[in-house]
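FYI, in full-length UniProt numbering the residues of the sequence shown are 1 to 624. Cβ coordinates follow ideal geometry from the N, Cα and C atoms, glycine included. Every value quoted in this text rests on a predicted model; they were computed, and no experiment measured them. Presented below is the structure to which this report refers.
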Amino acid sequence: MIKTSSQSNITLSFLKTYVIPALLLFVIPSCSLWFFNHVQSSYDQQGLVSIERSIQQDSSMSKQEKADALEFFRSMPISQMLASSDPKFDRLRGGMSSDLQFNYKIFRWMILLSLISVISGIAVFLIAGLSVLCSLRSQTVQYYSLSVSWRLLRIFATVQVLIQGCLAVALSFWMTAFWAEVYYIKLIIIAAVLAMTAAFAVIAAIFKKIDDRFEVEGVVIEQGTNSQLWKDLEQICSKVGTTAPDQIVAGIDNNFFVTEHPITVNEKLYKGRTLFVSLSLLRVLHGSEADAVMAHEMAHFSGNDTLYSKKISPLLNRYEIYLTALHEGGGISKPVFYFMLCFRSLFEISLRKLGRQRELRADRIAAETISPHALAQSLLKISAYSDYRMQVEELLFSADQKLTTVDIPNRVQDGFPDFATAFVQDSQYLEGKTVHPFDSHPPMEQRLDKLGIQFTQDDVLSLLQEQADRRWYQHLDRAEEIEAQQWAAFEEQFKQIHEHVLAYRYLPETEEEQQIVLKYFPGVAFEKKKNGTLAIDYEKITYSDWKTPLRFDEIKDCTGKKSTLGHPQLRFDCTRKELGKRILRLDIFQAGQDAVVNALNEYYSRHLAMIEYRTKNVSDGKAD
């Protein structure tokens with residue numbers, strides 16, 4: 001099979017982004033292996049020269065004894081003699097200083113650790129790579145491959161961080177000591193701190209508790225209520241060959257999904273199988289289209305897709321936590337991070353491939369159970385309405401004025417006909433993906449092709465503009481009331497978040513804008529342990545030890561450092577020379593330096609966000 005240019009580019013991009021950085025794992029151990037072998041050989045050579053000189057100058061030895069002694073010491077490097085337990089080398093060890101023997105021990109250990117690091121890296125690379133290939137076979141194999149690989153990689157990464165930390169500290173001393181005959185305490189301390197920081201980060205990540213709560217916005221519909229709704233669903237489950245879910249959650253998110261993860265709805269935990277249905281989407285679906293959607297979702301239960309998602313999800317969460325720890329561990333753990341990230345990316349390819357297979361299988365079962373046309377129509381409608389709702393929300397969120405009303409459902413309903421025309425003319429529906437919290441769905445074109453369905457643009461436009469019978473929506477008791485309550489809560493939260501974001505956009509220039517900024521950035525004050533105050537508001541810093549306040553727009557740079565007496569302080573470099581350099585000592589405030597630094601960071605970050613937003617708007621022609 002000939003690869004296309006696009007496939008080649010993707011492969012090359014993957015190599016550059018993930019594989020090549022993963023090879024950084026071998027930099028420190030490879031350098032250490034070469035360096036300590038080189039140092040050990042140099043010591044061996046110098047030692048041999050010294051021994052040869054001593055033998056030649058020993059007048060008590062005969063010519064033959066000297067020849068035998070020289071042959072003995074030339075037959076094996078001194079480092080190997082010292083490492084041997086053979087009693088014949090005891091005399092050599094006895095005549096050598098303890099410091100020199102200690103140095104040789106260090107060389108041996110560093111060479112051994114380097115070899116362990118390199119060889120284990122190659123071995124794990126091969127084993128994990130084989131696991132990724134095996135994981136493509138089935139969901140069962142994928143789970144066990146990921147489970148075994150995760151445990152292996154976690155142990156490997158922890159050991160690598162510890163080994164490479166030791167090697168880095170050893171190199172920080174011996175490289176300068178050997179080549180320059182001097183050592184730098186600061187360099188050794190820096191290497192040691194980096195090593196300990198990395199080690200602490202990865203070990204702490206192993207024991208970190210995972211917050212795997214899955215919160216869902218909606219109303220729970222338990223079995224025994226909404227009898228017609230459950231009756232319809234049970235009929236579909238019977239056709240698909242699975243049991244009904246334990247509960248249904250009705251909400252307004254623009255998707256349908258199933259899960260076996262424990263979910264939290266309105267602070268109450270629900271376990272077992274859950275089906276989420278979108279009231280806003282059920283409004284626009286014919287009964288047969290909704291039947292096809294439900295059959296598709298129930299097919300995920302029958303194929304144990306949700307069961308394996310439940311098993312795999314905790315492993316992926318732990319992997320992500322561990323990756324974060326490696327990334328934040330500093331320079332020593334970064335090479336290990338790239339190595340682990342490479343395999344996480346390879347497993348993602350496996351997860352996505354099987355995820356697409358699951359979706360296509362569920363599509364096939366839904367098509368066989370209901371009809372291919374009903375499923376295809378539902379996919380197009382869900383994609384179109386989801387896309388337009390997202391556009392409406394993004395447009396509202398981009399507004400630079402406080403939102404008094406949001407009214408998303410009516411905006412979507414009123415504007416959808418015009419959107420549908422553009423949606424069809426641009427063939428956007430062929431690229432669309434269904435929104436889903438767990439799996440990456442295949443592109444619409446691929447799904448329609450697998451169903452054997454082809455639509456003309458007129459077909460799609462007619463489909464999107466027709467009125468649905470809303471059978472499933474009508475079978476849900478109090479559907480309109482539940483949906484209205486959900487939208488009211490969502491829109492109130494939407495307005496609050498938007499208002500908070502406005503506080504980061506405004507200069508402010510008007511009294512109304514100032515009120516919004518002051519609502520979220522009211523200004524704070526910190527009393528010194530002795531006389532004096534530090535006040536921070538949205539535009540400036542006022543400090544009793546300074547002659548004038550310092551505006552945020554007058555700050556060119558801010559750095560944290562210690563004074564000559566060791567006191568923590570911030571130094572502000574200003575945009576104008578007459579302002580000079582402002583120094584703020586941090587350990588003299590009653591609230592503590594963390595509170596002061598956090599406040600400064602919060603208020604100055606607001607200023608920087610405002611500048612960035614206004615600059616972008618000017619460049620986009622949205623502001624004067």
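message = Let's see if you can read the secondary structure: which residues bound the alpha helix (DSSP H) around residue 305?
response = Residues 305-328.
Give me the Cβ distance between residue 486 and residue 218, rounded to the nearest whole Å; I'm assuming they're in contact under 8 Å.
For a cut-off of 8 Å, the C-beta gap from residue 486 to residue 218 is around 7 Å, short enough to register as a contact.
Segment contact, 8 Å Cβ cut-off, at least three pairs: the stretch 372-381 with the stretch 302-313: Counting Cβ pairs under 8 Å, fewer than three are found: no touch.
Discussion item. Run through the DSSP bridge pairs and tell me what residue 525 is partnered with.
Written reply: DSSP lists 535 as partners of residue 525.
In chain order, what residues of the same chain have a beta carbon less than 6 Å from the beta carbon of residue 213, not counting five sequence neighbours either side?
Excluding the 5 residues flanking it on each side, residue 213 has same chain C-beta neighbours closer than 6 Å at 264, in chain order.
(message) On the DSSP bridge list, what partners appear for residue 574?
(response) Residue pairing by DSSP places residue 574 opposite 555 in a beta bridge.
Here's a check: name, in chain order, each residue in its chain whose Cβ is nearer than 8 Å to the Cβ of residue 604, leaving out the five neighbours to either side. Non-local beta-carbon contacts of residue 604 in its own chain, meaning distances under 8 Å to residues more than five positions away in sequence, involve 552, 555 and 558 in chain order.
Checklist line | Cβ separation of residue 113 and residue 166, assumed to be a contact under 8 Å, to the nearest whole Å | finding: That pair is a contact at about 6 Å.
| Considering only C-alpha positions, which residue in the set 503, 609 and 351 is nearest to residue 141? | Answer by Cα proximity: 351.
If residue 363 sits next to residue 296, beta carbons under 8 Å apart, how far is it from one beta carbon to the other, in whole angstroms? Under the criterion of beta carbons closer than 8 Å, residue 363 and residue 296 qualify as touching, at roughly 6 Å.
Note to self: If we require 3 or more residues per run, which beta strand (DSSP E) segments fall completely within the stretch 443-502?
What the structure shows: Complete beta strand (DSSP E) runs here, min 3: none at all.
Discussion item. Determine whether the beta carbon atoms of residue 344 and residue 303 lie at a separation below 9 Å.
Written reply: Not in contact: residue 344 and residue 303 (Cβ atoms no closer than 9 Å).
*asked:* By alpha-carbon positions, which one of 73, 125, 406 and 420 ends up nearest to residue 493?
replied: Of the residues 73, 125, 406 and 420, the one whose Cα lies closest to the Cα of residue 493 is 406.
Here's the rule I'm using: 16 or more other beta-carbon atoms within 10 Å means buried, otherwise exposed. How should residue 202 be labelled?
Answer is buried; the Cβ neighbour count reaches 16.
Considering only C-alpha positions, which residue in the set 442, 341 and 534 is nearest to residue 354?
-> Nearest option by C-alpha distance: 442.
Separation of residue 426 from residue 127, as counted between CA atoms:
Cα to Cα, the separation comes out at about 46 Å.
- Residues that DSSP places opposite residue 593 in a beta bridge: Beta-bridge annotation (DSSP): residue 593 is not paired with any residue.
### Message
Could you tell me the alpha carbon to alpha carbon distance between residue 600 and residue 576, rounded to whole angstroms?
### Response
For residue 600 and residue 576, the distance between alpha carbons rounds to 21 Å.
Taking the runs of the alpha helix (DSSP H) that are 4 residues or longer, which of them lie wholly in the stretch 324-407? Counting whole runs of 4 or more residues, the stretch 324-407 contains the alpha helix (DSSP H) stretches 334-369 and 372-397.
On the CB-based measure, 16 or more other CB atoms within 10 Å of its CB, does residue 261 come out buried or exposed? It counts as buried.
Notebook entry, point to check: Are there 16 or more other CB atoms within 10 angstroms of the CB of residue 221, so buried, or fewer, so exposed?
Noted result: Counting the other Cβ atoms within 10 Å of the Cβ of residue 221 gives 16 or more, which makes it buried.
Have a look at residue 399 and residue 514 and give me their C-alpha separation to the nearest angstrom.
The alpha-carbon atoms of residue 399 and residue 514 are separated by roughly 17 Å.
Report task. Can you grab the Cα-Cα spacing for the pair residue 587 / residue 562, in whole Å? Result -> Their Cα atoms are separated by approximately 11 Å.
- Message: Within a Cβ cutoff of 8 Å, which residues of the same chain sit near residue 615, ignoring the five residues on either side of it in sequence?
- Response: Here the set comprises nothing.
With a cut-off of 8 Å on the beta carbons, I'd call residue 626 and residue 280 a contact; round off their distance for me. In this structure the chain extends from 1 to 624, so residue 626 is not present and cannot be described.
Among 300, 251, 273 and 270, which has the Cα closest to the Cα of residue 283?
If we check each option's Cα against that of residue 283, 251 comes out closest.
| Going by beta carbon distance, what residues of the same chain come within less than 8 Å of residue 585, once the five residues before and after it are set aside? | The beta carbon of residue 585 sits closer than 8 Å to those of 563, 567, 568 and 569, all from its chain and outside the five residues before and after it, given in chain order.
| said: According to DSSP, simplified to helix, strand and coil, what is residue 258? | reply: The DSSP-derived three-state label of residue 258 is strand.
Q: For residue 580, count neighbouring Cβ atoms within 10 angstroms of its own Cβ and tell me buried if that reaches 16, exposed if not.
A: Label assigned to residue 580: exposed.
- Determine the extent of the beta strand (DSSP E) in which residue 634 is found, giving its start and end residues. The displayed coordinates of the chain run from 1 to 624. Any statement about residue 634 would go beyond what the structure contains.
- Exposed or buried, which one is residue 226 when buried takes at least 16 other CB atoms within 10 Å? Counting of Cβ neighbours within 10 angstroms places residue 226 among the buried residues, the total reaching 16 or more.
- Query: Buried or exposed: which applies to residue 95, given that a residue is buried once 16 or more other Cβ atoms fall within 10 Å of its Cβ?
  - Reply: Around the C-beta of residue 95, fewer than 16 other C-beta atoms lie within 10 Å, and the residue is accordingly described as exposed.
Practice problem: My understanding is that residue 44 touches residue 77, with C-beta atoms under 8 Å, so please give their C-beta distance in whole angstroms. | Solution: With a Cβ gap of about 4 Å, residue 44 and residue 77 count as contacting.
Worksheet item: Where does residue 500 land, buried or exposed, given buried means 16+ other C-beta within 10 angstroms?
Response: Exposed is the call here.
- Message: What would DSSP say about residue 244, mapped onto helix, strand or coil?
- Response: The three-state secondary structure of residue 244, taken from DSSP, is coil.
Do residue 277 and residue 472 have their C-beta atoms within less than 9 Å of each other? Against a cut-off of 9 Å, the Cβ pair of residue 472 and residue 277 comes out as a contact.
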